[in-house]
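Chemist: The structure is given below, and queries will be raised subsequently.
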Amino acid sequence: MTTLLRLASKVDSIIESLENDKQKVGTEISKKALSYLLKLISNKMLALMAVDALSTWH
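Read left to right, the sequence shown gives residues 805 to 862 (the working numbering).
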């Protein structure tokens, strides 16, 4: 997870450094996929924490 967060924080600077428009488009697509993956992992972690909280509460 930490690696994904570090990568996500650097994608914009990578895009700015590219000169080729096709590379920029490809990197934008990768950025969106990475964002989706991070949201998916976050939602899963929140769901697991909620289940854990409910199981310890009862």
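Just so you know, even glycine gets a beta-carbon here, dropped at the ideal spot from N, CA and C.
For clarity, every value in this text was computed on a predicted model and none was experimentally measured.
Just how far apart, CA to CA, sit Glu820 and Leu841?
Modeler: The residue you call residue 820 lines up with position 16 of the sequence shown. The residue you call residue 841 lines up with position 37 of the sequence shown. Cα-Cα distance, rounded: 22 Å.
Chemist: Grouping DSSP H, G and I as helix and E and B as strand, with all else coil, what is Leu842?
Modeler: Position 38 of the sequence shown holds residue 842. In this structure, Leu842 counts as helix in the three-state DSSP scheme.
Chemist: Report yes or no: do three or more beta-carbon pairs, one from the region 829-846 and one from the region 807-819, lie closer than 8 Å?
Modeler: yes
Chemist: If you compare alpha carbons, which of Asp825, Asn847, Gly830 is closest to Met805?
Modeler: Here residue 805 refers to the residue found at position 1 of the sequence shown. Ranking Asp825, Asn847, Gly830 by Cα distance to Met805 puts Asn847 first.
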